[in-house]
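Participant:
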Amino acid sequence: MKAIQEIETRMHPESVAGFRLVLAEARVTDTILLPVRAMERMVTPVQWMLRRVGAHGIRLTKAGYLPPVVVVEASTQLDWGWPGTASRESHFLPLLELRAHLRTAGLLRVSKGMLLQTSRGRALAEAPRELWWHLARTVHQSRNVAETDAVRLLLLLIARRGFDESELFKQLLALSLETVGWVRADGAPLSGDAAFALVLPKWRLLRGLGVFDVGATSYRRWIVTPGGAAFARAALQSEA
């Protein structure tokens, strides 16, 4: 079953018709047509990370972080709009979250204090098209079910395009989560900010991959790129 279809099986019956309309507007079933060059641009930060780890790996600090020299290098190489030049990975959240996601996606692993490529990571490091597809198929994966649902629903809104107001994204995400039963502990509906908190690490990852136009996008406007819409559709076509 496709990732987005699985959500429908848990949705309130009264919400299904509207959900299917959004699916049609988002063209979720469209064939993914994106030039390889565009894919190459989108996976640049991931390729940088895989190549930096390389065949010999990186020795992590005693606290389990990347060493400062690698963090400084990343802060200059990865144009993610993070303020300042960080020297600690704990202060450079996009890098920390990227590394965590690449482990979840099966591209990196940690063994005896070393950050290492997996066999899949080695195979995809120099294969941008295949790497793009792998990232799309794994971007919604999380051990937290609420986060997984939230990321999939965010991807649906990205694929739909048509608006760029961040507050509207957040409000629609909160409403969408409510249709599959996610509410606050006291039973009240989620706020837009609470819904956004569920997807914030993946939102930063998507932003770093070029899903949003970083040059024109602020925290109030999330302008989806053509490649970003294609990436979201590819993610939603993946198996649940």
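Residue 194 in this note's numbering sits at position 204 of the sequence shown, and the numbers go up by one each step. Glycine residues also receive a C-beta, built at the ideal position from the N, C-alpha and C atoms. Note that the structure is a prediction, hence the values are computed from the model and not measured.
1) With DSSP collapsed to three states, give me the class of K160.
2) When you compare each of V59, D139, R27 and S228 to S77 by their alpha carbons, which one comes out closest?
3) Using the three-state DSSP reduction, which class does M104 fall into: helix, strand or coil?
4) What residue range does the alpha helix (DSSP H) around I213 cover?
5) For E155, does the three-state DSSP call read helix, strand or coil?
6) Is it the case that the stretch 97 to 117 contacts the stretch 36 to 43, given that we only count it when at least three CB pairs across the two stretches are under 8 Å?
7) Specify, as a first and last residue, the run of the alpha helix (DSSP H) that F9 falls within.
8) Please classify E63: does DSSP put it in a helix, a strand, or coil?
9) I'd like the ranges of any alpha helix (DSSP H) spanning at least 4 consecutive residues and lying wholly in the stretch 128 to 199.
10) Which one of R119, L98 and P118 has the shortest CA to CA distance from R110?
11) Pick out whichever of W122, G47 and L83 has its Cα sitting closest to the Cα of R223.
12) Please classify S181 as buried or exposed, where buried requires at least 16 neighbouring CB atoms within 10 angstroms.
13) List the residues that DSSP assigns as beta-bridge partners of E87.
14) Quick one: measure Cβ to Cβ for I213 and F202, integer angstroms, because I've assumed they're closer than 8 Å.
15) On the DSSP bridge assignment, give the partners of I48 in chain order.
16) Roughly how far, in whole angstroms, is the beta-carbon of I(-6) from the beta-carbon of L146, given that I think they are within contact range, below 8 Å?
17) Count the other C-beta atoms from every protein chain shown that fall within 10 angstroms of the C-beta of H2, then say buried if there are 16 or more, exposed otherwise.
18) Taking the beta carbon of Y209 as the centre, do at least 16 other beta carbons fall within 10 Å, making it buried, or is it exposed?
19) Ordered along the chain, which non-local residues of its own chain (more than five positions away) have a Cβ less than 6 Å from that of T94?
20) What is the rounded straight-line gap between the Cα of V100 and the Cα of S5?
21) Taking a contact to mean a Cβ-Cβ separation below 8 Å, would you say M39 touches L88 in this structure?
22) What separation, rounded to the nearest whole angstrom, lies between the Cα atoms of S156 and W193?
23) So who's on the other strand from R99, going by DSSP bridges?
Facilitator: Result, derived from the coordinates:
1) Looking at K160 - three-state DSSP - the assignment turns out to be helix.
2) If we check each option's Cα against that of S77, V59 comes out closest.
3) Three-state result, M104: strand.
4) Where I213 is concerned, there is no enclosing alpha helix (DSSP H), given that its DSSP letter is neither H nor E.
5) Three-state DSSP puts E155 in a strand.
6) They touch, by the three-pair rule.
7) Looking at the DSSP string, the run of the alpha helix (DSSP H) that includes F9 is V6 to A16.
8) In this structure, E63 counts as helix in the three-state DSSP scheme.
9) Counting only runs of 4 or more, we get 135 to 150, 156 to 169 and 182 to 198.
10) When only C-alpha atoms are compared, the closest one is L98.
11) Taking only the C-alpha atoms, the option nearest R223 is W122.
12) Under this definition S181 is an exposed residue.
13) Looking at the DSSP output, E87 sits in no beta bridge, so it has no partner there.
14) With a Cβ gap of about 6 Å, I213 and F202 count as contacting.
15) The partner list for I48 (beta bridge, DSSP) reads L105.
16) Indeed, because the Cβ distance is near 6 Å, the residues count as touching under 8 Å.
17) Classification of H2: exposed, given that the 10 Å Cβ count is below 16.
18) An exposed status is given to Y209, since fewer than 16 other beta-carbon atoms sit within 10 Å of its beta-carbon.
19) Annotation for T94: Q131 place their beta carbon closer than 6 Å to its own, counting only its chain and skipping 5 residues before and after.
20) When rounded, the distance between both Cα atoms is 43 Å.
21) Less than 8 Å divides the Cβ of M39 from the Cβ of L88.
22) If you take the alpha carbons of S156 and W193, they lie about 12 Å apart.
23) According to DSSP, which records beta bridges pairwise, R99 is partnered with L106.
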